[in-house]
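**Student:**
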Amino acid sequence: MCGIIGYVGHRPAVPILLEGLKRLEYRGYDSAGIAFIQNKELHIIKTEGKISKLEEKVFSQDVLHAEIGIGHTRWATHGEPITKNAHPHKDRDGKIALVHNGIIENYKKLKDELLSDGYEFVSDTDTEVLVHLISREYKKTKDPLAAILRCLEAVEGAYAIGVIFLDRPNEIWACRHSSPLVVGLGVGENFVASDVPAFLPYTKDVIFLEDGEVAKIGKDVVEVYNSNKEKVDKDVVSIPWDITLAQKGGYKHFMIKEIMEQPRVIHDATAGRIDFNKMKVVLPQLDEYPLPDKIQIVACGTSYHAGFWGKYLIERLSRIPVEVDIASEFRYKDPIIHKNDWVFVISQSGETADTLAGLRLAKKRGAKVIGVCNVVGSSVARESTTVLYTQAGPEISVASTKAMCSQMVVLLLIAIYLAQRKDFSQREFFDQLLFSLKEVPQILRKELPNIRDRAKELAIKYSFARSFFFLGRGLFYPLALEGALKLKEISYIHAEGYAAGEMKHGPIALIDQNFPSFVIAPKDDLLQKIVANIKEIQARQGPVICLTNKDIPVPSTDRWEIPYLNSIMTSFFVLSATQLFAYEMADYLGKDVDQPRNLAKSVTVE
Ligand code: AGP
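The sequence shown lines up with residues 1 to 606 when you count with my numbering.
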């Protein structure tokens, strides 16, 4: 997720661009840049690091005569977060500058075509293909709308782009597909940005662009066109929020915003990794490695729970044995690692000290270390043998939600990848699995509001509790562990995740009418076993919240139905439900949801 801003008007553009980028820093902050037209020249200034570093670079130059420009704050997805990869990118004549938010899934194919056409690339980004394609078309027609539409016909993936042309110094061109873009309407000035906070101090009147629409933004006029080059009438909306609320997309906390982003996160985590023509998972980073005899997964906290969930899937689908260790244990246990082992190191931040120590130990013992990480250029990403980025975008809330969701998607893809490499004959099963993975985002997008409503009802009803059990079996046991962690880390109510079958070996001694159990019991082969566990609990007057699917007969004190696709994809609905239960409980109890006491977003110490 990156932040884009554009300005054209009667004020000096550069200060407005920098101010806007600072308000978009929550969307990404590993590098930044601006492009502006001043004295009939196109200038680009960019740098790695935060906006403050860009400001130092910019204000050391004469930049206050420009009245048009675009800016970008980056969350790297392709290419290290270094200056050459920062946006804006320019065409080879230096007459067009472009900023982009999103992922161009077929950029390698487009880049190869451009390279064979004699184009040279100065960055490792997917974005650079866009500015060369637009430039190639613009040279033919000098028509920016035609050039942009022609370029986008070739592109697959998600994008929101802003473009300025040196020979058109009074207009910004912008368009979107799957990534947000909003036009701000001022007096004698207009704005375009990824999100309203960028220009909210100047105007609350906005136009939201839809997929496939292209906007021509001038000082006094904004025109919107569709893909047939027809003008489109757009409604003007007045934004009721202040800046702080706007940075959370209108949500009360970053955590709820990030939970609600999960449908997009699932889509983005699969981007470019499923070939639907061959119905195959493509993870080229792994192709050169011989299949492992054993897999080791190392992580902490929520990332450990994702890895534990991945173990069940990788073993079930590929029959390759998987060991999962908490990193702080792994690093001191003198682990048994063979040269042909693959070690997956999972980390949202890529900076967790224990996880890094585990990575370095595994590498020292000769294993292939594959990072599953959300931050491009982080220590885990740089030190791994290779890395699979989870593409979840910046996760601001200390409690990890969308990052775990993205880690699960990547682990599912790894499981299918390994199984297909071992035996590509089970076509029908994997075809169904891959198609169902494609369906999850839209089902989740539709159902999240209902899941949240039920979470709120139950959180309020059970806010008396001082302790909870979270119980699950098989694939849902790791999710029970994660549900317990989420509840305790933000609501401060003690919660313990357990394998449901383990209750009778001691924990059930704790059950009474004041000790509720949250039981994950969706439709799957172990359903009857978990029904028996629920009955054991109810026989001791223990209240039971039962998370299940429609028409599944299960005993409970409070029944909670979530969507069903198949026993694997149900995991994403279970994850959202437990996250929302924890969120609504913490919010109801008035806790500091985004910054819980005693916690840090990245535990960079032992
Ligand atoms: C998750 O809600 C916690 N904040 C914490 O357990 C976190 O998952 C853990 O510290 C690992 O962080 P990482 O994924 O950045 O390595």
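All residues carry an ideal CB built from backbone N, CA and C; glycine is no exception.
Values in this document were obtained by computation on a predicted structure and should not be read as measured data.
1) Tell me the rounded alpha-carbon separation between V14 and L54.
2) The beta strand (DSSP E) with R74 in it runs from where to where?
3) Assuming S379 contacts L356 under a Cβ cut-off of 8 Å, what Cβ separation, rounded to an integer in Å, is found between them?
4) So S194 and L317 are in contact, right, with Cβ under 8 Å, and what is the actual spacing, rounded?
5) Quick check on the DSSP output: the beta strand (DSSP E) that includes E48 runs from which residue to which?
6) Do F470 and F515 come within 7 Å of each other at the CB atom, strictly closer than that value?
7) Any idea which residues DSSP pairs T127 with across the strands?
8) Check whether the Cβ of V603 sits closer than 6 Å to any heavy atom of the ligand AGP, and report yes or no.
9) At a cut-off of 6 Å, is Q407 close to the ligand GTP when judged by its beta-carbon and the heavy atoms of the ligand?
10) Is S576 helix, strand or coil when you go by DSSP?
11) Rounded C-beta distance between F208 and Y7? I'm assuming under 8 Å.
12) Take S123 and list the residues in its own chain whose beta-carbon comes closer than 7 Å to its own, dropping the five residues that flank it on each side.
13) Considering only their Cβ atoms, is the gap separating T203 from G184 smaller than 7 Å?
14) Can you list, in chain order, the residues of its chain whose CB lies under 7 Å from that of E105, leaving out five sequence neighbours each side?
15) Pick helix, strand or coil for C373, following the three-state DSSP scheme.
16) With a threshold of 6 Å (Cβ to nearest heavy atom), would C300 be considered close to the ligand AGP?
17) Where do the ends of the beta strand (DSSP E) carrying F609 lie?
18) With three or more C-beta pairs closer than 8 Å as the rule, is the segment 60-80 touching the segment 21-39?
19) From K248 to S52, what does the alpha carbon distance come to, in whole angstroms?
20) In terms of DSSP beta bridges, what is G472 paired with?
21) Please report the Cβ distance between I337 and V345, rounded to the nearest whole angstrom; I am assuming they are in contact, meaning their Cβ atoms lie under 8 Å.
22) Tell me which residues share the same chain as L283 and place their Cβ nearer than 8 Å to its Cβ, disregarding the 5 neighbours each side in the sequence.
23) Can you check whether the CB of Y26 is closer than 7 Å to the CB of I326?
24) Measure the Cβ-Cβ separation of K591 and N549 and say whether it is below 7 Å.
25) Kindly examine the ligand AGP and report whether one of its heavy atoms sits closer than 6 Å to the Cβ of S576.
26) Here's the rule I'm using: 16 or more other beta-carbon atoms within 10 Å means buried, otherwise exposed. How should R427 be labelled?
27) Check whether chain B comes within 7 Å of V387, counting only Cβ atoms and requiring the distance to be less than that.
28) Would you mind reading off the limits of the alpha helix (DSSP H) that contains H305?
29) Are three or more beta carbon pairs between the segment 279-295 and the segment 389-409 nearer than 8 Å?
30) Can you tell me which of the three DSSP states L98 falls into?
31) With three or more C-beta pairs closer than 8 Å as the rule, is the segment 122-140 touching the segment 91-111?
32) Residue range of the beta strand (DSSP E) that L547 falls in?
33) Return the first residue and the last residue of the beta strand (DSSP E) that I217 is part of.
34) Would you tell me roughly how many angstroms separate the C-alpha atoms of K601 and P169, rounded to the nearest one?
**Tutor:** So, to answer that:
1) Numbered from its first residue, the sequence shown carries residue 14 at position 14. Numbered from its first residue, the sequence shown carries residue 54 at position 54. Each residue's Cα considered, the two are about 11 Å apart.
2) One-based indexing of the sequence shown puts residue 74 at position 74. Residues I68 to R74.
3) Stepping through the sequence shown from its first residue, residue 379 is reached at position 379. Stepping through the sequence shown from its first residue, residue 356 is reached at position 356. Contact flag correct, Cβ pair sits at about 6 Å.
4) Residue 194 sits at position 194 when you count from the first residue of the sequence shown. Residue 317 sits at position 317 when you count from the first residue of the sequence shown. Rounded, the Cβ-Cβ distance is 37 Å, inconsistent with contact.
5) Numbered from 1 along the sequence shown, position 48 holds the residue referred to as residue 48. Counting along the chain, the beta strand (DSSP E) containing E48 begins and ends at E41 to E48.
6) As a working note, residue 515 is residue 515 in the sequence shown. As a working note, residue 470 is residue 470 in the sequence shown. Cβ atoms of F515 and F470: not closer than 7 Å.
7) Sequence index remark: in the sequence shown, residue 127 carries index 127 (1-based). DSSP output for T127 lists no bridge partner at all.
8) Looking up residue 603 in the sequence shown gives position 603. Indeed, a heavy atom of the ligand AGP lies less than 6 Å from the Cβ.
9) Inclusion of the ligand GTP in the displayed structure is not the case, the ligand content consisting of the ligand AGP alone.
10) For the purposes of this step, residue 576 is taken as residue 576 along the sequence shown, with counting starting at 1. Correct three-state label for S576: helix.
11) Taking the sequence shown and counting its residues from 1, the one referred to as residue 208 is at position 208. Taking the sequence shown and counting its residues from 1, the one referred to as residue 7 is at position 7. Not confirmed; about 18 Å, so no contact.
12) The residue given as residue 123 occupies position 123 in the sequence shown. Scanning its chain for C-beta atoms nearer than 7 Å, with the 5 sequence neighbours on each side dropped, one finds around S123 the residues G79, K84, N85 and H89, in chain order.
13) Here residue 184 refers to the residue found at position 184 of the sequence shown. Here residue 203 refers to the residue found at position 203 of the sequence shown. Yes.
14) Residue mapping note: residue 105 aligns to position 105 of the sequence shown, counting from 1. Counting only Cβ-Cβ distances below 7 Å, and skipping sequence neighbours, we find E156, G157, A271 and G272.
15) In the sequence shown, residue 373 corresponds to position 373, counting from 1. Note: C373 maps to strand in three-state DSSP.
16) For the purposes of this step, residue 300 is taken as the residue at position 300 of the sequence shown. Yes, Cβ of C300 sits closer than 6 Å to a heavy atom of the ligand AGP.
17) What the structure shows of the chain is the stretch from 1 to 606, and residue 609 is not part of that stretch, so it cannot be assessed.
18) yes
19) Position 248 of the sequence shown, counting from 1, holds the residue named residue 248. Position 52 of the sequence shown, counting from 1, holds the residue named residue 52. Answer to the nearest angstrom: the Cα atoms are 22 Å apart.
20) Here residue 472 refers to the residue found at position 472 of the sequence shown. G472 is bridged to A499.
21) Residue mapping note: residue 337 aligns to position 337 of the sequence shown, counting from 1. Residue mapping note: residue 345 aligns to position 345 of the sequence shown, counting from 1. That pair is no contact at about 13 Å.
22) In the sequence shown, counting from the first residue as 1, residue 283 sits at position 283. Same-chain partners within the cutoff: R273, L388, L413, I414 and Y417.
23) What you label residue 326 is simply residue 326 of the sequence shown in a count that begins at 1. What you label residue 26 is simply residue 26 of the sequence shown in a count that begins at 1. No, these two residues do not count as a Cβ contact at 7 Å.
24) As a first step, residue 591 is located in the sequence shown; it is residue number 591 there, counting from the start. As a first step, residue 549 is located in the sequence shown; it is residue number 549 there, counting from the start. Cβ distance not < 7 Å, so K591 and N549 don't count as in contact.
25) Locating residue 576 in the sequence shown gives position 576, where the first residue counts as 1. No, the Cβ of S576 stays beyond 6 Å of every heavy atom of the ligand AGP.
26) Here residue 427 refers to the residue found at position 427 when the sequence shown is read from its first residue. R427 is exposed by the Cβ-count criterion.
27) Note that chain B does not occur in the displayed structure, where there is just one protein chain.
28) Here residue 305 refers to the residue found at position 305 of the sequence shown. Run containing H305: G301 to S318, per the alpha helix (DSSP H) assignment.
29) no
30) Residue mapping note: residue 98 aligns to position 98 of the sequence shown, counting from 1. Reduced to three states, the DSSP call for L98 is strand.
31) yes
32) By 1-based counting over the sequence shown, the position of residue 547 is 547. Looking at the DSSP string, the run of the beta strand (DSSP E) that includes L547 is V544 to T548.
33) Sequence index remark: in the sequence shown, residue 217 carries index 217 (1-based). Start and end: V214 to I217.
34) Translated into positions along the sequence shown, residue 601 becomes position 601. Translated into positions along the sequence shown, residue 169 becomes position 169. If I take the Cα positions, the gap works out to 43 Å.
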